[in-house]
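Colleague: In this note's numbering, the protein residues as written are 4 to 178.
All C-beta atoms, glycine included, are put in the ideal place defined by N, C-alpha and C.
Here you go, one structure.
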């Protein structure tokens with residue numbers, strides 16, 4: 004909750020990727036709040052009050068995941084809404100003549116986005132969600148200690164730059 008709140012205020016794309024991770028942590032613990040409280044949360048140096056708040060946050064997320072049918076895969080509505088806002092802002096920026104640097108970042112990333120979508124990325128998702136998925140996939144590989152090929156790193160660089168630009172311009176827009 005504390006990390007999510009800070010990221011939501013400072014780096015919206017980082018927030019979304021973090022929430023993907025939180026959803027996967029919840030799934031890894033079988034949507035079992037007790038296990039999360041006993042096995043996962045003690046890893047962090049929380050005060051009793053912070054621990055109580057974290058427990059309530061995880062409890063609410065677990066409830067949302069169950070109610071929304073995303074126990075196995077997918078994202079809770081609050082995350083999907085944020086992705087939609089990002090996709091909308093992305094479209095606004097592409098059509099804004101005052102944002103040539105954003106358009107340039109997009110066109111540098113576009114060949115890799117097209118490749119992502121051609122090789123199995125969900126074509127129903129927005130380009131921005133495909134980019135977020137790609138970055139999250141790379142994050143998972145790093146967390147697992149697995150190598151990321153030079154070709155993948157080359158593709159992720161402009162995608163990362165695009166998402167960083169979007170996050171910065173999203174924050175400016177929503178302030």
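Indicate the three-state DSSP secondary structure (helix, strand or coil) for residue 34 in the structure shown.
Modeller: Reduced to three states, the DSSP call for residue 34 is coil.
Colleague: Quick check for students: name the residue ranges of the alpha helix (DSSP H) that lie wholly in the region 14-94, counting only runs of 4 or more.
Modeller: Counting only runs of 4 or more, we get 15-31 and 51-70.
Colleague: Given a cut-off of 8 Å, decide if residue 15 and residue 173 are closer than it, judged by their beta-carbon atoms.
Modeller: It is a contact, given that the beta carbons lie within the stated cut-off.
Colleague: Run the CB neighbour count on residue 121, radius 10 Å, all protein chains shown included, and call it buried at 16 or more, exposed below.
Modeller: Answer is exposed; the Cβ neighbour count stays below 16.
Colleague: Looking at residue 105: is its Cβ nearer than 8 Å to the Cβ of residue 161?
Modeller: No, the pair does not count as a contact, with Cβ atoms beyond the cut-off.
Colleague: Would you mind reading off the limits of the alpha helix (DSSP H) that contains residue 106?
Modeller: Counting along the chain, the alpha helix (DSSP H) containing residue 106 begins and ends at 103-121.
Colleague: Under 8 Å Cβ to Cβ from residue 133, same chain only, skipping five residues before and after it: list those, please.
Modeller: Closer than 8 Å at Cβ, skipping near neighbours: 116, 119, 120, 124 and 125.
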